[in-house]
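Novice: Just so we're aligned, residue 72 is where the sequence shown starts under our numbering, counting upward by one.
Note that beta-carbon positions come from the ideal geometry of N, C-alpha and C, so glycine has one too.
Shown below is the structure under consideration.
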Amino acid sequence: MTKIKKYANKFSFEEILQIFEDYKLFEKQGFIGECTLRKKAKDFVKEENIKDANIVFYMETIVNSCYRLIAEKAMENGFTLKGKL
């Protein structure tokens, strides 16, 4: 498991839902100010002591990790798409 996935694994379900909402707004507007997603990315960069980080890269990586976590949990609980999207 990657460091960022371990980090995302600590988020509450409510935080993950807010991260999804933040990212939807970010994609729609092309920018976003202070929000849960940006704060989590900044906190990760600080915690890992990453210098000159591209915060948008870490925001996208965090949201992708959250999507994977939700998908894994759904699959563990028997969710299937039965061959359909």
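Taking its Cβ as the centre, do 16 or more other Cβ atoms sit within 10 Å of LYS153, making it buried, or is it exposed?
Specialist: exposed
Novice: Can you give me the C-alpha to C-alpha distance between THR151 and LEU96, rounded to a whole angstrom?
Specialist: 28 Å
Novice: Just reading off the alpha helix (DSSP H) that ASN135 is part of, what are its end residues?
Specialist: Where ASN135 is concerned, the enclosing alpha helix (DSSP H) stretches over 126-147.
Novice: Residues in its own chain within less than 6 Å of ALA124 by CB, not counting five upstream and five downstream?
Specialist: For ALA124, where only same-chain residues beyond five positions count, the Cβ hits under 6 Å are VAL116.
Novice: Do ILE90 and THR73 have their beta-carbon atoms positioned less than 7 Å apart in this structure?
Specialist: no
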